[in-house]
Each structure stands twice: as structure tokens, then as C-alpha cells.
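Following: one structure in C-alpha cells, then a few remarks.
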Amino acid sequence: MEDKIICSINSMKKGMLDNDYTFYESGKIKHFYDKSQWNLNHEEWLTESEITESEKERLIIGCPEEFKDRIKKILYP
């Protein structure tokens with residue numbers, strides 16, 4: 799069975815560089831980001847404990863209202 803996406807949130811803290819988080823119904827979090835304009839398209843799977851408090855706050859602020867409760871439950875289990 800395919801793990802369904804809840805939503806993707808762009809946490810633009812580095813200007814034009816990608817910094818996207820995709821949240822899945824299973825609780826998985828995929829981070830897709832660029833390290834620099836010459837070092838692009840990195841991907842990693844994270845747990846909520848690997849995300850800083852300031853980044854969690856940024857993600858919740860950037861989250862569409864209809865998904866905020868579900869994303870908060872993933873970030874703060």
C-alpha cells in the first residue's frame with residue numbers, strides 16, 4: 799500500500815534554494831533541499847526529533863490551515 803502525502807511545505811529560509819518538507823500519513827518526513835546554488839537536489843528522511851524547534855515553528859506557520867493539526871501531531875507526537 800502506498801504511503802499517502804498529507805502535504806508539502808516550503809520552508810524558504812535560504813532565498814531561492816529549495817527547502818521542502820513532505821509529510822506522509824505514516825508519520826514519515828521527507829526533506830528535499832539545496833545546500834547551495836552549486837549543490838542542489840538533496841533528499842533525506844527525517845524523524846521529528848531531527849528537526850529543530852525553530853524549523854518546526856516555521857513549518858507550522860507555512861502549513862495550510864486544513865493540515866495544521868495533523869502536521870502538529872507528527873512534529874510533536
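Add 798 to a position in the sequence shown, counting from 1, and you land on the number used in our numbering. Using N, Cα and C, we set each Cβ at its ideal position, and we do this for glycine too. This one's a predicted model, so the numbers in the text were calculated from it and none came from an experiment.
Notebook entry, point to check: For Leu844, does the count of other Cβ atoms within 10 angstroms reach 16, so buried, or fall short, so exposed?
Noted result: exposed
Notebook entry, point to check: Does the beta-carbon distance from Ile803 to Tyr822 come in below 8 Å?
Noted result: One thing to note: Ile803 has its Cβ within 8 Å of the Cβ of Tyr822.
Next item on the list: Determine which residues share a DSSP beta bridge with Tyr874 and list them.
Entry: Its beta-bridge partners do not exist; DSSP assigns none.
Notebook entry, point to check: When you compare each of Asn817, Asp801 and Glu800 to Lys854 by their alpha carbons, which one comes out closest?
Noted result: Comparing Cα positions, the closest option is Asn817.
Next item on the list: State the start and end residues of the unbroken beta strand (DSSP E) segment that holds Ile849.
Entry: Premise fails: Ile849 is in no beta strand (DSSP E) and is neither H nor E.
Check: Which first and last residues belong to the beta strand (DSSP E) in which Asp832 is found?
Finding: Note, Asp832: premise wrong, no beta strand (DSSP E); not H, not E.
Next item on the list: Under 7 Å Cβ to Cβ from Phe865, same chain only, skipping five residues before and after it: list those, please.
Entry: Ile804 and Cys805
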